[in-house]
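J.: Residue numbers (our numbering), protein chains in the order written: chain P, 1 to 116; chain U, 1001 to 1139.
Beta carbons: idealized from backbone N, C-alpha and C, even for Gly.
All values derive from a computational prediction rather than experimental measurement.
Got a structure for you, written out below as structure tokens; questions coming shortly.
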Amino acid sequence: MTVNEVVRILNATVLVEGDMETEIKTACGSDMMSDVLAFVKDQALLLTGLCNPQVIRTAEMMDMRCVVFVRGKDIDESIKNLARTRDIIVLKTGYRMFTACGLLFAGGLRGECEEK
Amino acid sequence: MSTLTLRYEVPGDDFTRAGEASSDVKRKLKQLGYNPEAIRKVAIAMYEGEINMVIHAGGGEATVDIDPKQVKIVLTDHGPGIPDVGKAMQEGWSTAPDNVRNLGFGAGMGLPNIKKYTDELRIDTKVGEGTSLFMTVYA
């Protein structure tokens, strides 16, 4: 699905724009950036409730294209500015993590998680 | 391309700046047209190392040597050292305090992840003096 479709499904607010027709095939959801760095591979979208600049840095290192902040949290301008310089799209949704992941999964997005 | 050497100070008092050096190295490797998989491995391993230096050691220094065959990264801190490297290499073992976990790190995946994403890794550490990580990623 495209980022525009993610926005529609999650009724999300676009905080940092980019190419909204970017195709997203896989996603992951986590509040632990340690786990994202350790277990995620080739996922283009990160859903998280953690709100600090290291979320954007983690997405950057993992070549992710889009970050979705869940639970409707306010996002600091420094986070948005960092995302702009790294060409990472930032969205915000009022849904909680479980629901946001579920809605995207039902919409066809997958995690490609390997069972450990 | 001859060897390109980059040096960085990693500030220990500002968590929000952790990762700036890794980000810069990643950009430079892209500009050099380096193999994307190697860039990814360098970025993740160095970023984990930077985070560790900020969390555990009050910052440090990073030196990165880039040549066509490999990227060598040396991260040096003057922190407390690692008393038991064997334990620190186990997934899930961490001495990070709760405030670090609240920032999304300290799950005990740092050093194991560095090992996973590097082709060579050596850890020199002395309790009370500091730690140096020597990482190599092949192109």
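Quick one: is LEU10(P) buried, meaning 16 or more other Cβ sit within 10 Å of its Cβ, or exposed?
T.: Position 10 of the first sequence, counted from the start, is the residue given in the question as residue 10(P). Buried, because 16 or more other Cβ atoms sit within 10 Å of the Cβ of LEU10(P).
J.: If you count every other CB in all the chains shown that lies within 10 Å of the CB of TYR1138(U), and 16 or more means buried, which is it?
T.: Numbered from its first residue, the second sequence carries residue 1138(U) at position 138. Exposed is the call here.
J.: Considering only C-alpha positions, which residue in the set ILE1055(U), LYS1072(U) and GLN1090(U) is nearest to GLY1081(U)?
T.: The residue given as residue 1081(U) occupies position 81 in the second sequence. For GLY1081(U), the nearest C-alpha among the options comes from ILE1055(U).
J.: Please list, in chain order, the chain P residues whose beta carbon lies closer than 9 Å to that of GLY1060(U).
T.: Here residue 1060(U) corresponds to residue number 60 of the second sequence, with the count starting at 1. Correct list: empty, because the minimum Cβ distance to chain P is about 18 Å.
J.: What residue range does the beta strand (DSSP E) around SER1132(U) cover?
T.: As a first step, residue 1132(U) is located in the second sequence; it is residue number 132 there, counting from the start. Per DSSP, SER1132(U) belongs to the beta strand (DSSP E) from 1130-1138.
J.: Compute the Euclidean distance between the alpha carbons of CYS101(P) and GLU5(P), then round it to the nearest angstrom.
T.: For the purposes of this step, residue 101(P) is identified with residue 101 of the first sequence, where counting begins at 1. For the purposes of this step, residue 5(P) is identified with residue 5 of the first sequence, where counting begins at 1. Taking the straight line from one Cα to the other gives about 14 Å.
J.: For chain U, find out if any of its Cβ atoms is closer than 8 Å to the Cβ of MET33(P); answer yes or no.
T.: Indexing the first sequence from 1 puts residue 33(P) at position 33. Interface residue, yes.
J.: Can you name, in chain order, every residue of its own chain whose Cβ lies under 8 Å from the Cβ of THR1125(U), other than the five neighbours on each side?
T.: Sequence index remark: in the second sequence, residue 1125(U) carries index 125 (1-based). Contacts found: GLY1081, ILE1082, VAL1085, THR1131 and SER1132.
J.: If you measure between the beta carbons of VAL40(P) and MET61(P), is that distance less than 8 Å?
T.: The count along the first sequence starts at 1 and reaches residue 40(P) at position 40. The count along the first sequence starts at 1 and reaches residue 61(P) at position 61. Not a contact, by the Cβ cut-off of 8 Å.
J.: If we count the other Cβ atoms within 10 Å of its Cβ and call it buried at 16 or more, is THR48(P) buried or exposed?
T.: Here residue 48(P) refers to the residue found at position 48 when the first sequence is read from its first residue. Looking at its Cβ environment, which holds 16 or more other Cβ atoms inside 10 Å, THR48(P) is buried.
J.: Under 8 Å between C-beta atoms, does GLY1104(U) make it to chain P?
T.: Residue mapping note: residue 1104(U) aligns to position 104 of the second sequence, counting from 1. With 8 Å as the cut-off, GLY1104(U) counts as an interface residue toward chain P.
J.: Determine the extent of the alpha helix (DSSP H) in which GLY1108(U) is found, giving its start and end residues.
T.: What you label residue 1108(U) is simply residue 108 of the second sequence in a count that begins at 1. Note, GLY1108(U): premise wrong, no alpha helix (DSSP H); not H, not E.
J.: Could you tell me the boundaries of the beta strand (DSSP E) in which GLU23(P) lies?
T.: Counting from 1 along the first sequence, the entry for residue 23(P) is found at position 23. No beta strand (DSSP E) holds GLU23(P); DSSP gives it neither H nor E.
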